[in-house]
Amino acid sequence: MMLTKKSFLKYSLLSVMLLTLFTGCTEGDFDEDATLPHYDIRSLMKEVTEDLITRNPEVEKEIRLNGSVEVKRLQIDNWENELFIFTEADINRPSYVGKYSIDTINIAGGNILLHYVAKEENLTTKEMKVYLSDFHSKPDSLMIRTASENFLNQTTQKMKFIPGKGYSLEGYQNIWLLNPREIFIEVMF
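When you line the sequence shown up against my numbering, it's residues 131 to 319, in that order.
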């Protein structure tokens with residue numbers, strides 16, 4: 131089934147709303163002057179956002195919602211909102227100190243994987259993988275898995291970000307008394 135432009139925009143807005151719901155409950159404030167215990171996603175996303183605002187590239191955006199697929203070429207009006215899901219998955223909040231285990235793994239070709247795993251079930255960001263060429267470089271890619279559940283709602287999402295190339299999000303939401311929703315979004319710069 132092809133989606134109309136109005137439906138495409140509606141599903142884009144719905145996806146942002148769902149993602150905001152997935153990550154809407156945050157714990158603690160972010161102090162930009164503090165020494166960060168984990169990889170700094172906020173600064174990376176700020177830098178990426180500024181670059182994308184400056185370049186204003188036309189992107190290819192694919193949205194799959196419960197089996198319906200739509201692919202469009204467009205320019206994103208608000209990159210901060212578009213990349214909000216990654217910023218909100220940041221684990222550098224004061225209330226998160228000591229709540230994530232970290233493994234630093236040397237992988238093929240001298241690359242490094244920083245692998246963070248939540249130690250507590252109540253944390254929304256369950257896992258984060260940061261692939262680096264070396265400790266002083268920008269990441270080659272980020273992978274983040276989030277999940278939350280309460281008596282009315284169960285959500286999961288897997289996000290991937292590749293600097294300079296694009297990002298994807300795969301999400302599932304089951305709200306009590308409503309049909310479950312599966313969504314996949316991919317944006318290529």
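C-beta atoms are modelled at their ideal positions from N, C-alpha and C, and glycine is treated no differently.
Computed from a predicted structure; not experimentally measured.
Counterpart residues of F291 in DSSP-defined beta bridges = Per DSSP, L272, Y297.
Sort E257, M289, N283 by Cα distance to H168 and report the nearest one.
-> E257
Does the Cβ of I221 have 16 or more other Cβ atoms within 10 Å, making it buried, or fewer, making it exposed?
-> buried
Short Cβ contact (8 angstroms threshold) for R172 with T217 = A contact, by the Cβ cut-off of 8 angstroms.
Can you tell which of Q284, S231, N252 has its C-alpha closest to the C-alpha of L307?
-> Q284
Starting from R185 and walking both ways along the alpha helix (DSSP H), at which residues does that stretch end?
-> Its alpha helix (DSSP H) spans residues 171 to 185.
Collapsed DSSP secondary structure at A277 in the structure displayed | strand
Is T165 helix, strand or coil when you go by DSSP?
-> DSSP places T165 in coil when its eight states are reduced to three.
Integer-rounded CB distance, given that I292 should sit under 8 angstroms from S267 | With a Cβ gap of about 14 angstroms, S267 and I292 do not count as contacting.
Alpha-carbon to alpha-carbon, I206 and V189 | 8 angstroms
How about S231 and K202: do their beta carbons lie closer than 8 angstroms?
-> no
Taking 8 angstroms as the CB-CB limit, is F291 close to chain B?
-> Structure shown: chain B not included; a single protein chain is present.
Given that a residue counts as buried once 16 or more other Cβ atoms are within 10 Å of its Cβ, and exposed if not, what is I183?
-> Exposed, since its Cβ has fewer than 16 Cβ neighbours within 10 Å.
Pick from E251, V199, P224 that is closest to T165, judged by C-alpha positions | Comparing Cα positions, the closest option is P224.
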